[in-house]
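Quick note: the numbering used here has the sequence shown finishing at residue 216, numbered continuously throughout. The C-beta atom is built at its ideal place from N, Cα and C for all residues, glycine as well. As structure tokens, the structure follows; a few thoughts come after it.
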Amino acid sequence: MYILLMGPPGAGKGTQAARLIEKYGIPQISTGDMFRAAVKESTPLGLEAKKYMDAGQLVPDSVTIGIVRERLSKDDCKQGFILDGFPRTTAQAVSLDAILKEMNIVLDAVLNLSVPSEELVRRISERARLENRDDDKPETVQKRLAVYEESTKPLIDYYRNSGQYVEINGLQDVDTVFANIVTALEK
């Protein structure tokens, strides 16, 4: 199963992806996790990405697309994957479409977790307290949400007409959100 999981920072993508991994046995492809690992390892790519991440900005497409292409070509993605945190712009979506076409992959679903801004800020603030993630600091959170509104929200329109787009109410409890996702996937 090939799934694209969308939603703003704090919508619960990571939580739901973990449950999808368990249910379907497919890997989660998270650009955020890939970037954080590269930063931690101080790779050249990680150091480049860190400059943008620390400023709450999107990592440039050329860097991101290269990472995603490489990751999707690995053996563990042959039977499916959950793509989380990519694409973030319409240009990236067009690039992803080209990559998937090259690989003869058709997305089964584009799931968008929808959560109001006030709730996102509350969730991210709580996560920052519990997990101590650098990108969850208050000043970075506001920038991340602003970037999402400007660059990523237009993707909803891009995918809405694809026939695979499903909006999921992310304001519900974790189990209900997951049940709604499974229902959407198994239609």
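*asked:* In whole angstroms, give me the CA-to-CA distance for LEU184 and GLU178.
replied: Using only the alpha carbons, I get a separation of about 10 Å.
*Indicate whether the contact test is met: 3 or more Cβ pairs, each with one atom in the region 179-198 and one in the region 112-123, closer than 8 Å.*
Touching, yes, given that three or more Cβ pairs across the two stretches are closer than 8 Å.
*For LYS42, is the classification buried or exposed, using 16 other Cβ atoms within 10 angstroms of its Cβ as the cut-off for buried?*
Buried, since its Cβ has 16 or more Cβ neighbours within 10 Å.
_With distance defined between alpha-carbon atoms, name the residue in ILE55, GLY75, TYR53 nearest to ASP62._
The residue with the shortest Cα to Cα distance from ASP62 is GLY75.
*Do three or more CB pairs link the region 142-150 to the region 84-91 at distances below 8 Å?*
In this structure the region 142-150 does not lie against the region 84-91, because fewer than three pairs of beta carbons, one per stretch, are closer than 8 Å.
*Could you tell me the distance, in whole angstroms, from the CA atom of VAL150 to the CA atom of THR169?*
Inter-residue distance for VAL150 and THR169 is about 11 Å (C-alpha atoms, whole angstroms).
*According to the Cβ coordinates, are ILE128 and ARG152 closer than 7 Å?*
Pairing ILE128 with ARG152 gives a Cβ-Cβ distance that is not under 7 Å.
_Our contact map puts ILE223 next to ALA213 with C-beta atoms below 8 Å; I'd like the distance itself, whole angstroms only._
Limits of the chain in this structure are 30 at one end and 216 at the other, which puts residue 223 out of reach.
_According to DSSP, PHE110 sits in a beta bridge with which residue or residues?_
In the DSSP assignment, PHE110 forms a beta bridge with TYR31.
*When burial is assigned at 16 or more other CB atoms within 10 Å of the CB, is GLY199 buried or exposed?*
Per the 10 Å Cβ criterion, buried.
*Look up ASN190 in the DSSP assignment and say whether it is helix, strand or coil.*
Here ASN190 sits in coil by DSSP.
*Rounded Cβ spacing between MET3 and ILE50 (contact assumed at less than 8 Å)*: Any answer about residue 3 is impossible in this case: the structure gives the chain only from 30 up to 216.
_Which residues DSSP lists as bridging ALA138, in chain order_ = According to DSSP, residue pairing for ALA138 in a beta bridge involves ILE32.
*asked:* Looking only at its chain, what residues have a beta carbon closer than 7 Å to the beta carbon of GLU77, apart from the 5 residues adjacent to it on each side?
replied: Taken in chain order, the residues that qualify are VAL92.
*Hey, THR44 and VAL203 are a contact pair by Cβ (cut 8 Å); roughly how many whole angstroms apart?*
That belief holds up - the Cβ atoms of THR44 and VAL203 are roughly 6 Å apart, short of 8 Å.
*Could you pull out every residue in the same chain whose Cβ sits closer than 7 Å to the Cβ of SER191, ignoring the five residues on either side in sequence?*
Cβ neighbours of SER191 beyond the five flanking positions: VAL139.
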